[in-house]
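Residue numbers (the working numbering), protein chains in the order written: chain R, 14 to 326; chain C, 1081 to 1421. Even glycine gets a Cβ: it sits at the ideal position worked out from N, Cα and C. For clarity, every value in this text was computed on a predicted model and none was experimentally measured. Everything below concerns the one structure shown next.
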């Protein structure tokens, strides 16, 4: 008999939830299936999407698996999202190939698909909202060059050599140095897996091996924060430039240990997805790719509201 | 305690004696309770959202249950012995990776990959069983070690990258094609679900009709008594863990075929979902009692809940909260029922 009470309570609670989900049934519905949801980066994407949804008067939901390894769970989310007969769909694929059958289904049902973050390896998405990592890393190279007087030795610590972001940030930095700052010599490119400790050891070894080293570029949060630890432990003064944000990185910039860093614009990514979807629903043409932008930040502009909005702990 | 265990063992023996007892006995009541909850969930969600009771969505739920359900069957055997297997998720991944090595790296025919996956599963399960039975490492620790070991090995063997089955044209069919769809084109139930049900039926037969099944219950009820009656307890225990491992190999094939790739970083966390399904299905974590049917219903309760909350667009944070509450409620209801009977 107690079971009945429990069930009644559950049904009651559920009915409340149901009521909220019915409330705005007449608005266009756009689910966003992301690569994650509890990381600060994805929360920032979500808040951007929510802002745009409010402005455009559409309803969105934002979901992503708990880890970036859970490819099958993401497919289940995509499948449930399609069952809701959405007007459009935002999707950041963990594995493009695994999602193709469902994306084809979306296409056959004339649901416009907008890709975001690293995008989808297919021509189904109408556009992709992502950071131009090559251009962003080139900006880091320019900043480095101006701070070390456009000549000298520089080292690079990258998170990995296989991921799209790793490759783009490394090549963007190296190519910019080669073409625009020929007097700067890249003495070493090392991979630390985005691991703080490993990156710290790499930084220390780089400093030992190259006594004239003037600067280090860390290509993601872990690489940059690790490099900062390495530089601090070695006791040497050099120009350190990071990527993304994070509590430690922000503190390092405030204390002067790090000269500055590049931040992506996760809020802008979220806005772009919803705005592109709305445009697609109105039948407007979309560009193949939207660069959602990136910013250079350092001690001087960290508290600027525009910058502070895209930084996270 | 002993009285209770003996009673459970007797119930286990009694199961084989009569159809009547199976339908109206206490185990049947448990199934009924879980089944009623499942029906209630289905009714509730179809009332809450018109998108829920659509054939496409129901097929989606079935597909989503296949892998978790198979892992839950593997866990049921081990849990009935009073043990636990935390390695089922990463073992599934490891068998998928081994299958990828056979088919994509070595270009061998598809059937070798299938055998390799199941055999790898059985072998790893046997190792877990040996660690517990012969070396007396508690199953929680032994399989925790295996979980991490296999996770690492999957990454090592695949060099951290997914292995795609592009060279094996028909590999996707294992999960994604629909034999039922050829007969009944309007309900193309994916093969993965067919495999889940076939495995559930054969698992039930093994559990209720064979010596291995009887010893599974007996070990969970009173291992010492079984030992004292001259049975080679270790051998049976190793066999049960081995069987669980082989079933994980099937799960590995299903997930690899569904994603058309072996994703090496996947797997951790799946063991907990499997355990939740087993427990919701009325199998006691202290061993000695349980059914495969209950486990399957438990797995469906989990996946219907996940899907239904998604269809209702409940915020993801709250989905997790609700799922946790339902697990606690389900198990508490079971405890109340046991007290009464």
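- Report the rounded CA-to-CA distance for residue 1235 of chain C versus residue 318 of chain R, giving the unit in angstroms. 42 Å
- Message: Checking 9 Å against the spacing of the C-beta atoms, do residue 276 of chain R and residue 229 of chain R come in under that value?
- Response: no
- Going along the chain, which residues of its own chain have a beta-carbon closer than 6 Å to the beta-carbon of residue 137 of chain R, five neighbours each way excluded? 116, 120 and 126
- Give the straight-line distance between the Cα atoms of residue 1371 of chain C and residue 1336 of chain C, rounded to the nearest whole angstrom. 27 Å
- Query: Among R/148, R/133 and R/147, which has the Cα closest to the Cα of residue 141 of chain R?
  - Reply: R/133
- Message: Using a 10 Å radius around the Cβ and a threshold of 16 neighbouring Cβ atoms, would you call residue 58 of chain R buried or exposed?
- Response: buried
- Message: Pairs of beta-carbons, one from the segment 1211-1231 of chain C and one from the segment 1168-1182 of chain C, closer than 8 Å: are there three or more?
- Response: yes
- Query: If we cut at 9 Å on Cβ distances, does residue 226 of chain R have a partner in chain C?
  - Reply: no
- Item | Test: residue 114 of chain R CB closer than 9 Å to a CB of chain C | yes
- Answer yes or no: does any C-beta atom of chain R fall closer than 9 Å to that of residue 1347 of chain C? yes
- In whole angstroms, what is the alpha-carbon distance linking residue 1384 of chain C and residue 1138 of chain C? 9 Å
- Message: Taking CB distances under 9 Å as the criterion, tell me whether residue 1185 of chain C reaches chain R.
- Response: no
- Task: Starting from the beta carbon of residue 1159 of chain C, find every residue of chain R whose beta carbon is closer than 8 Å, and list them in chain order.
- Result: Residues of chain R passing the Cβ test: none, with the nearest at roughly 23 Å.
- Based on Cα-Cα distance, which residue from C/1118, C/1114 and C/1128 lies nearest to residue 1393 of chain C? C/1128
- Query: At least one CB of chain R closer than 9 Å to the CB of residue 1217 of chain C: is that the case?
  - Reply: no
- If we cut at 9 Å on Cβ distances, does residue 28 of chain R have a partner in chain C? Because the pLDDT at residue 28 of chain R is just 48, under 50, the model does not fix this residue reliably, and the value given afterwards should be weighed accordingly. Chain C, which has a Cβ nearer than 9 Å to the Cβ of residue 28 of chain R, makes this yes.
- Message: I'd like to know whether the C-beta atoms of residue 255 of chain R and residue 274 of chain R end up nearer to each other than 9 Å.
- Response: yes
- Message: I'd like the list of long-range same chain contacts for residue 110 of chain R, defined as Cβ closer than 8 Å, with 5 residues on each side in sequence excluded.
- Response: 134
- Task: Have a look at residue 1251 of chain C and residue 1342 of chain C and give me their C-alpha separation to the nearest angstrom.
- Result: 12 Å
- One or two residues paired with residue 75 of chain R in a DSSP bridge: R/45
- Message: Quick check: is the beta carbon of residue 279 of chain R nearer than 9 Å to any beta carbon in chain C?
- Response: no
- Can you check the segment 244-295 of chain R for any alpha helix (DSSP H) of at least 4 residues that lies completely inside it and give the ranges in chain order? 260-268 and 279-294
- Item | Among R/113, R/172 and R/180, the one whose alpha carbon lies nearest that of residue 151 of chain R | R/180
- Compare the C-beta of residue 287 of chain R with all C-beta atoms of chain C and state if any pair is closer than 9 Å. no
- Task: Quick one: list the residues of chain R neighbouring residue 1054 of chain C, beta-carbon separation under 9 Å, in chain order.
- Result: With chain C represented from 1081 up to 1421, any question about residue 1054 of chain C goes unanswered, as that position is not in the structure.
- Message: According to DSSP, is residue 312 of chain R part of a helix, a strand, or is it coil?
- Response: coil
- Task: Could you check the C-alpha separation between residue 1313 of chain C and residue 1363 of chain C for me, to the nearest Å?
- Result: 21 Å
- Message: Short of 8 Å Cβ to Cβ, which residues in the segment 1137-1170 of chain C face chain R?
- Response: 1137, 1140, 1143, 1144 and 1147
- Which residues in the same chain as residue 1242 of chain C place their Cβ atom closer than 6 Å to its Cβ, once the five residues preceding and following it in sequence are excluded? 1341 and 1343
- Item | chain R within 9 Å of residue 1129 of chain C, Cβ atoms only | yes
- Message: Please tell me whether residue 235 of chain R and residue 212 of chain R are closer than 9 Å, where the distance is taken between their beta carbons.
- Response: yes
- At which residue ranges does the segment 1182-1249 of chain C contain complete beta strand (DSSP E) runs of 3 or more residues, listed in the order of the chain? none
- Based on the DSSP secondary-structure assignment, which residues constitute the bridge partners of residue 1275 of chain C? Answer is none; residue 1275 of chain C lacks a bridge partner.
- Message: If distances are taken between C-alpha atoms only, which option among C/1130, C/1178, C/1158 and C/1134 comes closest to residue 1293 of chain C?
- Response: C/1158
- Task: Starting from the Cα of residue 89 of chain R, find the closest Cα among C/1166, C/1147 and C/1258 and give me that residue.
- Result: C/1147
- Task: Report all residues from its chain with a CB closer than 6 Å to the CB of residue 1180 of chain C; omit the five preceding and five following residues, and keep chain order.
- Result: 1243 and 1342
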